[in-house]
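Residue numbers (this note's numbering), protein chains in the order written: chain A, -11 to 411; chain B, 449 to 814; chain C, 13 to 513; chain D, 612 to 764. Built from N, CA and C at the ideal position, the CB exists for glycine as well. Every value quoted in this text rests on a predicted model; they were computed, and no experiment measured them.
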Amino acid sequence: MKRYLIIGNSAAGVNAAATIRANDKTCSIKIISSETFNSYGRPLISYYLNGKIKPENIYYRDENFYKSSNIEVLLNTKVEKIDTIKKEIIVDLGEKIGYDKLLIATGSNPFIPPIKNLNFNRQKNVFTFLTYNDSIKLKEKITKNSKVVIAGAGLIGLKAAEGLFGQVASITVIDLADRVMASVLDKSEADIIQAHIEQRFISFKLQTSICEVQGGSNVSGVSLSNGETLKCDILIIAVGVRPNIALAKEAGIKTLKGIVVDEYMQTSIKDIYAAGDCVEFSDLLSDESKVFALWSNASSQGEVAGLNMTKIKTKAPKALAMNSISFFGLQLISAGIISNSKSGNNFICSVKNKLRKLNIFNDNLIGFVLINDNQRAGIYTSLISDKTKLSTLSYDITSRDIGFNVYSKDERTRKIWDYKGGY
Amino acid sequence: MLREGELRIPSGCAISGIIDKKGKKFNGKEIIKSIALMHDRSNGLGGGFAAYGIYPNYKDFYALHIFYENLSIKAQTEDYIKKHFDIEKAESIPTRYTPNIINVPLIWRYFVHPRINVCLSEENFMDESEFTSRCVIKINTDYKGAYVFSSGKNMGTFKGVGYPEDIGEFFMLDTYEAHMWTAHGRFPTNTPGWWGGAHPFTILNWSVVHNGEISSYDANRRFVEMYGYKCTLKTDTEVITYLFDMLVRKHNLPIEKAIRVVSAPFWDDIDREKSEEVRSELKSIRAVYASALVNGPFSIILGFEKGMIALNDRIKLRSLVAAEKNNRTYVASEESAIKIICDNPEKVWSPKSGEAVIVLMEGEQE
Amino acid sequence: MSLNFNTPDFEVIREESRCIQCKVCVHQCANTVHSYDEEDNVVCADDTKCVNCHRCVTLCPTKALIIRRHPLEFRENSNWCGKAIKEIYKQSQTGGVLLSSMGNPEPFTIYWDRILLNASQVTNPSIDPLREPMETKVMIGRKPEKLEFDSDGKLLTKMPPNIELKIPVMFSAMSYGSISRNAHESLARAAEELGIFYNTGEGGLNREFYKYGKNTIVQVASGRFGVHKEYLNTGAAIEIKIGQGAKPGIGGHLPGKKVGEDVSATRMIPVGSDAISPAPHHDIYSIEDLRQLIFSLKEVTGYKKPVFVKIAAVHNSAAIASGIVRAGADAIVVDGFRGGTGAAPTRIRNNVGIPIELALAAIDQRLREEGIRNYCSLIVAGSIRNSSDVVKAIALGADAVYIGSAAVIALGCHMCHSCSTGKCNWGIATQYPELVKRLNPDVMYKRLVNLISAWNHEIQELLGGMGINAIESLRGNRLMLRGVDLNEKELEILGIKYAGE
Amino acid sequence: MRKIYAFESKCLGCGLCEIYCRTAHSRSKDIVKTHKRESITSAIVVEEILSSSTISYFALQCRHCENPKCIKACISGAMYKDDNGVVRNNKEKCVGCLSCVLVCPFGAIKKNDDGKTVSKCDLCVDSGEPFCIKNCPNAAIKFLSEDEARVLK
């Protein structure tokens, strides 16, 4: 009986397990997770923080998913070492688990920047904001008059701020860049987001960084590179994430920024696959190999890995950076290349509180940002991923709201009749 | 009270017929016995018989049987006959007093032959039967009070108001010898009050007894009237007789084809016919003679010089039974009316709907 | 003329509590009665443009609309009723001939409604169509005087060509151009499925519908639109149109704006040109000319197709009909004065021609008196509304009937009488593509099949009640009819007795 | 599995399908209440085609893909495929993040006015024939199996 082993219980791991079971009814599937919870939607941890969702609804798959698909999950188990020769892994209790096919879906870890006097493990009131556990510990620690400082104004930092809003005295977000969500947005859009968040009395300290922390076992204040010092009894480090490749590296699996895999999600060592945030994959638009911290990308790669592990040769699609996120009701949807796009090929239309920015480059749509104007965004996304020549469309997409009528009649009929979906 | 002819009187009836293929003659007792058995199928307001082969010594003359209501109409009619025919013999038809037969009209018969020159001059050339039938129709239409109720050669009908067995007794049918007899007992919904209305109905040698009522009467009537017939009596029998006369005599269709017209096969049956030739023939028949299709329940017995035909409507809504024993064929509304005069016949059957029983005299072919 | 005296004929009432401003009525009304006011988020209506075609009423999802006769009343008197006054307003405004559509609406006696049918009781049994076969097939075309057989019973006579109708009802002539392409396709497909025929009308036949040729009667009218050899040989029968019930004695006029690519190709006339059918056929000035046209059509089709001649029911229709039969026509079509039309001058439509019932009865009787009724078939048209009208027409002497108005009503027509505007909201009498699209042939042809099949069941029930199991036994069977509220003369012409006789 | 196919040559652009879709998925199931009091987003959208000479339309809704991108993009597991292949949205679990809207190539998933959930076509699975098809005045949308659809493509 074939033994499939999956390290990591999030989007990539779970989808891989489901796909393997779908194609091999009798094999044994084991998922190892260092966390204590069943698979849950990582982006939902801020919804937990502000009570927007009931705890039981955070789970990505419920109990009977594992039972009905007969997938064994070992929670709270840390993998120490992968022995690629003996094809077994050693977990923290020293126990060995063999495998015929192994999937590494360890996701990413928060990046703790070296700051003077910052000792993450020892200081009680310093948090990262990636796991459900982080969110739970944070919820326990905060009080009505906590003064919170968040390092990093990216997706995670802003979501943490939204999560804490109304439960603490003050929130200050610090970022090196000149704008929020620097990796995704240009200045003009970022400022709209920032202005909207600032209405909630969340203040921003941009173009600066924390160079020193004060306090012993608890941080009491921070001093910034611009000379300011801030009181702080809760510090959240959200400057970014790094792919969790330690295990793979030690096992001799080829890694660069992330674990290197081919189109079939296979690593450099036979029978070992990798998928999700922990791998680096070629970018649809630039063809460079990059790291992607994207939920839908992880699920697709998990599924493709599952298919290849059960001998169904499938190529994973090139990854496309895209986000759909809302801050205090302001909905932001973006995909492809937006930040520091060459001017001149941008079409911007902003009406009332809506903004639509299309980044067009030699007859191709290569990126877009929609703020509060999100209907039918998927059509823009497929224009990017299909690399459709805009001149072949039935109208200029900058002239009106996008609709499926942008395609020609034959294209429409072909898509409606024959499109089967994709990875 | 309107007389038959001015209104249409629907009626149920009993019919019976006997024919001896070889032509061996027999007197009227048997046919009277057969029709008498079906007493309850009539209500005493009509009865009649047709007999073929009863005037051997006048067989080349037309035997006109005529009812007169009074002497003056008799005189006028006789003038008309003298102008168009040479009268061989004229006499009143012998009858015997029968208590149930009342208000008896004058009943005369004339053995006549059409006067050739009149035949020729009147309407360019016309054969004698066409000439005779036109004269008979003329008398029946224009001479009120006179009614030619039989006009065939070597045959005659005897009918009137009363039960058939009494009419048979009244006309002393036991004294006649014929090779073919048909009989009819009538159940009209109201009193025709006039002898002419009784069956059988005749034109030349045709005699028809009919049980039933044609729903397609007016379509058939207006069809035959296009070809010179005058439906004076407005009875089903009259129109059926004229239909057969027109199809067989005027259009000289073979009998079997005429039957296909009157009791036409259904379109589904035609479509199921294997041979294309038969299919297109039946289709032509139904197209050309659409208005000659007799619709509605009927069973009829047709007498003519060549023999006898018994026929049911297309879906056999009226009873008709047939039987055979050595040279004789019997048909009647009920099997009992046959069994009474012919114990254990060789073959008894009930003809299928639209399927005719055709019995031709020996030596006669189609 | 600045001031328009004419007030709206209809009033559009919108139940505010039900209207959900979904704007379906705004899109659907080709006469732009409804409009959406963005500012107050309310849909309002302009009564003057409403022709009461019920498109909005039918499609409104919450049934919020009611169309009513406009309550404004003239101080009427029996002579100068509202209609008479308004017609003068219109004519004094436009100076043009008053045009109107559909059949004659005047309150002349409708004889169908004064004729009653027979049923058998006691003396003969009615026939149950569920258990016994009930035949409604008719053969239309010329019949020989009689059939000849050789000695061993083989048929000698060669039958002239006849077309077979499974049901004695056909779809009347409505030209390709006055009605839409989808309407024609629905009629053609229904005719094919029902085993009956549809008439192309005087506008020729669209090449794509040649495949329905065996269920098509191709019409040849005075304009000869779209008439060529292949067209004539495609149809199963040919009909020469001399006259039309709604407009006896005059021709037809299809306005240029209705003659788009499709119609111009079918009619073989330039795009946008007015299609005028001249009043007389300019090659038929008397009866013998007709004979020449009939035989030239027979020549071109190898004597393989019956040729009908269609006349309007006028005063001496009986004599004309008998002449037509003697001229070699295989069937006569008589179109009564209530027959429908896309557009006809109001005065002619309302005053010229006679009722079909009287014309039919007179023609049938005359042909019988001359002994030629059995030579040809007799088809009547002009406001046959239901199956009892069909049965009464056949009993009076017709072989089969044409239906026009009834067919378009089945296709969705709501008798708004504005076909002449060409903006039929139901996609029937229009050439605007977005309106034509509203008549989906795949769905609508089924409605025609349903209608005629339903009529056929009713005809079978009526026949069965009369103890008849074949339609030909009903043809000319006037004993099956009785009249009520008719005077002696009418009974005499119809050849039927009064009820109770 | 049967899906809904639109036929542009027949669509009148009247929008009745949208109205009946909303009503079918409303609480009150009454057309007037649905549109006057509730705020339900229709799962079907009627689009106008600009290129063709005459104005024409077509109605579009979720294609229930065999391999749906929206399920993969969904962060809460609200998007799932039921056992007869219909892609459905579990209102309880959905947080309205619109990741599905971002990836659906047909733009057939729409944010509800309540902002917390999305609405998409569920083929009115529990009532046999979808309401949009039942109420299309011109049979411009049909409920067809894959083979039936291929024939009519």
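Cβ of residue i within 9 Å of any chain C Cβ
i	result
Leu759 (chain B)	no
His636 (chain D)	no
Tyr691 (chain D)	no
Leu755 (chain D)	no
Arg582 (chain B)	no
CB contact check: residue i to chain D, cutoff 9 Å
i	result
Glu446 (chain C)	yes
Ala437 (chain A)	Past the edges of chain A, shown from -11 to 411, lies residue 437 (chain A), and the structure says nothing about it.
Leu162 (chain C)	Here residue 162 (chain C) is Asp; the residue named in the question, Leu, does not match the sequence. Asp162 (chain C) does not count as touching chain D.
Ile25 (chain C)	no
Lys269 (chain C)	no
Ala93 (chain A)	no
Local Cβ density within 10 Å of residue i, reported as buried at 16 or more and exposed below that
i	result
Glu814 (chain B)	Bear in mind that a pLDDT of 49 at Glu814 (chain B), under 50, signals an unreliable position, so the model cannot answer this.
Asp342 (chain C)	buried
Met(-11) (chain A)	exposed
Ala183 (chain A)	exposed
Glu242 (chain C)	exposed
Gly1 (chain A)	buried
Arg201 (chain C)	buried
Asn775 (chain B)	exposed
Thr777 (chain B)	buried
Asn749 (chain D)	buried
CB contact check: residue i to chain G, cutoff 9 Å
i	result
Ser288 (chain A)	Among the chains of the structure shown, chain G does not appear; the protein chains present are A, B, C and D.
CB contact below 9 Å: residue i versus chain B
i	result
Thr135 (chain C)	yes
Pro156 (chain C)	yes
Ala330 (chain C)	no
Distance CB(residue i)-CB(residue j) smaller than 9 Å
i	j	result
Tyr48 (chain A)	Ile41 (chain A)	no
Ile181 (chain A)	Val161 (chain A)	no
Pro73 (chain C)	Ile100 (chain C)	no
Lys481 (chain B)	Glu625 (chain B)	no
Tyr261 (chain A)	Ala307 (chain A)	no
Ala735 (chain B)	Met171 (chain C)	yes
Tyr444 (chain C)	Ala42 (chain C)	yes
Asn58 (chain A)	Gln202 (chain A)	no
Leu81 (chain A)	Lys18 (chain A)	no
Lys477 (chain B)	Leu621 (chain B)	yes
- Which runs of the beta strand (DSSP E) fall wholly inside the region 282 to 327 of chain C and span at least 3 residues, in chain order? As far as the region 282 to 327 of chain C is concerned, its whole beta strand (DSSP E) runs of at least 3 residues are 287 to 289 and 319 to 324.
- Pull out every residue of the region 29 to 62 of chain A whose Cβ sits closer than 9 Å to any Cβ of chain D, in chain order. Of all residues in the region 29 to 62 of chain A, the ones placed with a Cβ closer than 9 Å to any Cβ belonging to chain D are Gly29, Arg30, Pro31, Leu32, Tyr35, Lys40, Ile41, Lys42, Asn45, Ile46, Tyr47, Tyr48, Arg49, Asp50 and Phe53, in chain order.
- Message: To be precise: take each residue of the region 654 to 676 of chain B, compare its Cβ to all Cβ atoms of chain C, and keep it if any distance is under 9 Å. Which residues remain?
- Response: Against chain C - using a Cβ distance shorter than 9 Å - the residues of the region 654 to 676 of chain B are Gly660, Glu661, Ile662, Ser663, Ser664, Tyr665, Asp666, Ala667, Asn668, Arg669, Arg670, Phe671, Glu673, Met674, Tyr675 and Gly676.
- Item | Members of the region 414 to 448 of chain C near chain D, C-beta cut-off 7 Å | So the list reads Pro445 and Glu446, given in the order they occur along the chain.
- Item | Contacting positions in the region 485 to 512 of chain C - beta carbon closer than 8 Å to chain B | Flagged, chain order: Ser485, Leu486, Arg487, Gly488, Asn489, Arg490, Leu491 and Met492.
- Enumerate, from N- to C-terminal direction, the unbroken beta strand (DSSP E) stretches of 3 or more residues contained entirely within the region 407 to 472 of chain C. Qualifying beta strand (DSSP E) stretches, in chain order: 412 to 415.
- Message: Tell me which residues of the region 652 to 685 of chain D have at least one Cβ-Cβ distance to chain A shorter than 7 Å, keeping chain order.
- Response: Residues passing the 7 Å Cβ filter: Glu658, Glu659, Ile660, Leu661, Ser662, Leu671, Arg674, Cys676, Glu677, Asn678, Pro679, Lys680, Lys683 and Ala684.
- Query: What residues in the region 708 to 725 of chain B bring their beta carbon closer than 7 Å to a beta carbon of chain C?
  - Reply: Residues passing the 7 Å Cβ filter: Phe714, Trp715 and Asp716.
- Task: Pick out the complete alpha helix (DSSP H) segments inside the region 143 to 228 of chain A, 4 residues or longer, and give them in chain order.
- Result: Secondary structure remark: continuous alpha helix (DSSP H) runs of at least 4 residues inside the region 143 to 228 of chain A, in chain order: 143 to 152 and 175 to 186.
- Taking Cβ-Cβ distances below 9 Å as the criterion, which residues of the region 705 to 730 of chain D are in contact with chain A? Listed in sequence order: Val706, Gly707, Cys708, Leu709, Ser710, Cys711, Val712, Leu713, Val714, Cys715, Pro716, Phe717, Gly718, Ala719, Ile720, Lys721, Lys722, Gly726 and Lys727.
- Task: Give the residues from the region 378 to 392 of chain C that approach chain B closer than 7 Å (Cβ to any Cβ), ordered along the chain.
- Result: Sequence-ordered contacts of the region 378 to 392 of chain C with chain B read Arg380, Gly383, Arg385 and Asn386 [C-beta pairs closer than 7 Å].
- Item | Under 8 Å (Cβ pairs) to chain B, residues found in the region 466 to 482 of chain C | Listed by position along the chain: Met478, Gly479, Ile480, Asn481 and Ala482.
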